[in-house]
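Let me begin by presenting the structure, written as structure tokens, before commenting on it.
Number of protein chains: 2
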Amino acid sequence: MSVTHPAGFVAAGAAIGLKSNGNPDLALVVNEGPRFDSASVFTANRCKANPVLWSEQVVKDGTVRAVVLNSGGANCYTGPDGFVTTHRVAEEVGSVLGFGAVDVVVCSTGLIGLANDRQRLIDGVHTVHGLLSADGGNAAAEAIMTTDSVSKQVVVERDGWSIGGMAKGAGMLAPALATMLVVLTTDAVVPAEDLDKALRSATRVSFDRLDSDGCMSTNDTVTVMASGASGVQPALADFTTALVEACTSLAMQLLADAEGADHEIAITTLNAASEEDAMEVGRSVARSNLFKAAVFGKDPNWGRVLASIGTTKAAFDPADLDVAMNDVWVCRNSGPGEDPGLVDLSPRQVTVTIDLKAGDARATVWTNDLTHAYVHENSAYSS
Amino acid sequence: MSVTHPAGFVAAGAAIGLKSNGNPDLALVVNEGPRFDSASVFTANRCKANPVLWSEQVVKDGTVRAVVLNSGGANCYTGPDGFVTTHRVAEEVGSVLGFGAVDVVVCSTGLIGLANDRQRLIDGVHTVHGLLSADGGNAAAEAIMTTDSVSKQVVVERDGWSIGGMAKGAGMLAPALATMLVVLTTDAVVPAEDLDKALRSATRVSFDRLDSDGCMSTNDTVTVMASGASGVQPALADFTTALVEACTSLAMQLLADAEGADHEIAITTLNAASEEDAMEVGRSVARSNLFKAAVFGKDPNWGRVLASIGTTKAAFDPADLDVAMNDVWVCRNSGPGEDPGLVDLSPRQVTVTIDLKAGDARATVWTNDLTHAYVHENSAYSS
């Protein structure tokens, strides 16, 4: 049941006519309390969509009572008129539920540069309101899908409290810039300030390390709401651990649903001088089209890995790098190592391990390969 | 005749058995003086190939008397043994020509991570030495081709002196990381210090603005040699203008020979607060796989342009950006502008114009689209 698994939450999803194929396209998740703590993170893109511009203001006081999400249109680069649409939807949700629009986060996903049908959204709010239930998590998760082939949901159980979550996003297959929308819920008692700390810790090692195609979305939103309905206040460290677990599960579901991808690639950088160095190195490899195309071609091309590492500012000796693919150390001391023929790149899961020999920090970045299907889907999406 | 057009230069190219298909694979360009001024620029990649590690030292005194270039193997990530090969080739060239190895620039291109056959190279030096002639420019240009479909050559004529040049590199279709090798020659009298200034000015607005797939090569080398054989010493500004012309011509030939590409895309950023801002914005768009796939699909997807701009630190108002494609202003004030249906993306040449409204600087970055053929060639190259 994902977001409705924790006590204190109801949700719904419905088809309100935004998607031309008639699939569900509006979701509503409501926190019924008794507490309304929340925390959120948004895309770092400076050209943000209207729902993000709105929601960034909504979350500032730490209180969110509902998240309304539509697929079938991102309401991005639609100007002031698009902002009015976002605001009206928040107003309508607040109105039917009996609180202010300023407690309503709005998320949108789909094509950018096109206006959403405002009236359909307003009418739709009444539709989903009528469907709200403690069993509605699944319907909500399905209503936010775009090119996703499956809905992404998670439940993490603890003693007396739990976390639920849903996400949309299709990994590397990132039409309309791979908008990633995530709603997390918990019935634990977690004051907003702690919730913010836990969420930032969790996204830093999960969603922030997913770099499917280097393109940063305009609509990305992750919101967590805590109802306190369990009456249990876990230690912050315990709650953070559980939230990391939930976010990592959802991130791996996003990675696995990259329909155009043949491989899921985990790039682990070891013995870096700092976690930042490890991240920079991993990200540079994850963004190398040449390396990603080689993985698609099942070619353990470690030279393209070294060439990517060489573009970073991380601390290392260019003449003393080791690289393994699927645990075969094909590159030793920046030269040929074990036989690349020992690397079997047929399976979907690929690991790349980079030893910088410069410290003791490490980080893993996840990406996908570059395939014909990626080019096909992203060249055909809006035409 | 490219590099042998200016007086004072001889060149040759020959097949010495490095390439499995028997095509020419070794080139030699020799400056016969009376002057031996030179300047060079190299890849900024920290993981450099052995020929670059050698040549970076060779050029420091401003004197270069010969450039020897092989295709059929990049001698990159081949360790100390590969460096010995590079050094032996330079020694052999110096020996047959009667000067020191330290006046010989060595360039290599082809697969990385594999050792070049040292003896074949040493024997080959004698072969090309025997073929040196004032008509050898064309043969040299052909011997440095890898996946290039045509050789790239240029001649710029001035009153009493000239510039010649040859280049290899296949634009976006960048197997083995798109190594770009360029040799420029001139019979003008240009002291090494001035040559260095002119070359940096010229590469800054030509090769440095070519960003076909965001991947930085390990072997890139641009060397210019001045023989002074014309006896004419042009004003530095005039020489620089001519060198910009030569470098821009070669850069456009590289762009046009991206075999896997369907489009050549010129991204011009206008009214930026600085040239750096304009370059950062252009480069971010040139590196967006989503945008490049959209151009392949003939989809004038300006939203993906804005999303790329939004990832930069350039000065602009996110709510007030204009974007044109092929001179149709499809985006005004960060929202929909003229009808995208007016943009015809059938022709090979595409222009993207971005108005940042933040100053009066500008820059153009050139790239290609992301196609099935790119993925195909780069996934199949070494396997």
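For the protein sequence lines, the chains are A and B, in the order given. Counting along the first sequence from 1, when you hit position 229 you're at 229 in our numbering, and nothing is skipped either side. Each number in our numbering comes from the position in the second sequence (counting from 1) with 383 added on. Heads up, the beta-carbon is just placed ideally off N, CA and C, and yes, glycines get one too.
query: Using 7 Å as the limit for Cβ to Cβ distance, is His755 of chain B near chain A?
result: It does: the Cβ of His755 of chain B has a partner Cβ on chain A nearer than 7 Å.
message: If we define contact as Cβ-Cβ less than 7 Å, is Val375 of chain A a contact residue for chain B?
response: yes
message: Alpha carbons only, please: which of A:His263, A:Met225, A:Gly72 is nearest the one belonging to Asn368 of chain A?
response: A:His263
- prompt: Is any beta-carbon of chain B found at less than 7 Å from that of Leu177 of chain A?
  reply: Below a pLDDT of 50, predicted positions are generally treated as unreliable, and Leu177 of chain A, at 45, falls in that range; the measurement from the model is reported next regardless. Chain B contact via Cβ: present.
The region 226-242 of chain A contacting the region 148-168 of chain A, beta-carbon criterion three pairs below 8 Å: yes
message: Can you tell me whether Lys403 of chain A is buried or exposed? The criterion is at least 16 other CB atoms within 10 Å of its CB, across all chains shown.
response: Not covered by the structure: residue 403 of chain A. The range shown for chain A is 1 to 383.
- prompt: For the region 690-702 of chain B, which residues have a CB atom closer than 7 Å to at least one CB atom of chain A, in sequence order?
  reply: Per Cβ criterion, the list reads Ala690, Ile692, Gly693, Thr694, Pro701.
query: Near Thr747 of chain B, which residues of its chain fall below 6 Å by C-beta distance, leaving aside the five closest residues on each side in sequence?
result: Ala649, Thr651
field: Leu173 of chain A at chain B interface by Cβ criterion, 7 Å
entry: With a pLDDT of 41 at Leu173 of chain A, under the threshold of 50, the modelled position of this residue cannot be trusted; read the value that follows with caution. No, no contact with chain B.
message: 7 Å is my cut-off, CB to CB: does Ile495 of chain B come that close to chain A?
response: yes
message: So the candidates are A:Asp37, A:Gly282, A:Cys215; which of them puts its Cα closest to the Cα of Phe9 of chain A?
response: A:Asp37
task: Give the straight-line distance between the Cα atoms of Thr127 of chain A and Thr248 of chain A, rounded to the nearest whole angstrom.
output: 33 Å
- prompt: Between the beta-carbon of Ala498 of chain B and the beta-carbon of Ala484 of chain B, is there less than 7 Å?
  reply: No, the pair does not count as a contact, with Cβ atoms beyond the cut-off.
field: Ranges of the alpha helix (DSSP H) found wholly within the region 164-247 of chain A, counting only runs of at least 4
entry: Residue ranges of uninterrupted alpha helix (DSSP H) with 4 or more members, entirely inside the region 164-247 of chain A and ordered along the chain, are 192-204.
- request: Can you grab the Cα-Cα spacing for the pair Asp277 of chain A / Arg304 of chain A, in whole Å?
  value: 19 Å
message: Alpha carbons only, please: which of A:Arg209, A:Val189, A:Asp257 is nearest the one belonging to Val384 of chain A?
response: Shown here, chain A extends from 1 to 383; a query on residue 384 of chain A therefore has no answer.
- request: At 9 Å on the CB atoms, spell out the chain A contacts of Gly724 of chain B, in chain order.
  value: Chain A residues near Gly724 of chain B: none, gap ~10 Å exceeds 9 Å.
- prompt: Taking all protein chains shown into account, do 16 or more other C-beta atoms lie within 10 angstroms of the C-beta of His5 of chain A, making it buried, or fewer, making it exposed?
  reply: With 16 or more other Cβ atoms within 10 Å, it is buried.
- prompt: Does the beta carbon of Phe239 of chain A sit closer than 7 Å to a beta carbon anywhere in chain B?
  reply: no
field: Integer-rounded CB distance, given that Gly611 of chain B should sit under 8 Å from Arg418 of chain B
entry: 3 Å
message: Between Ser491 of chain B and chain A, is the shortest Cβ-Cβ distance under 7 Å, so that the two count as touching?
response: no
message: I'd like to know if the region 724-743 of chain B and the region 59-78 of chain A are in contact, where contact means that at least 3 CB-CB pairs between them fall below 8 Å.
response: no
query: If you compare alpha carbons, which of A:Glu56, A:Asp327, A:Leu254 is closest to Asp103 of chain A?
result: A:Glu56
Alpha carbon of Ile737 of chain B to alpha carbon of Asp705 of chain B, nearest angstrom: 6 Å
- prompt: DSSP puts Ile153 of chain A in a beta bridge; with which residues?
  reply: Checking the sequence shown, residue 153 of chain A turns out to be Gln, not Ile. Note: Gln153 of chain A sits in a beta bridge opposite A:Met166.
field: Simplified DSSP state of Ile650 of chain B, which is helix, strand or coil
entry: Taken through DSSP and simplified to helix, strand or coil, Ile650 of chain B comes out as strand.
field: Best match in B:Gly400, B:Ala744, B:Ala449, B:Ser729 for proximity to Asp500 of chain B [C-alpha to C-alpha]
entry: B:Gly400
task: Return the CA-CA distance between Val489 of chain B and Gly465 of chain B, expressed in angstroms with no decimal places.
output: 12 Å
message: Determine, for Gly742 of chain B, whether the minimum Cβ-Cβ distance to residues of chain A falls below 7 Å.
response: no
field: Classification of Asn404 of chain B by the beta-carbon crowding that lies within 10 angstroms, buried from 16 upward
entry: exposed
message: Does Pro318 of chain A come out as helix, strand or coil in the three-state DSSP assignment?
response: coil
CA-to-CA distance, Gln233 of chain A to Val711 of chain B, given in whole angstroms: 58 Å
message: Starting from Asn672 of chain B, trace the alpha helix (DSSP H) in both directions and tell me its first and last residue.
response: 672-679
- request: Verify the CB distance criterion: does Leu290 of chain A have a CB-CB separation below 7 Å to chain B?
  value: Yes, contact with chain B.
Neighbourhood of Ala39 of chain A by C-beta distance below 6 Å, restricted to the same chain and skipping five residues each side: Leu195, Asp196, Leu199, Val224
query: Under a Cβ-count criterion, where at least 16 other Cβ atoms within 10 Å of its own Cβ denotes burial, should Ala235 of chain A be classed as buried or exposed?
result: The residue in question, Ala235 of chain A, is exposed, as its Cβ has fewer than 16 Cβ neighbours within 10 Å.
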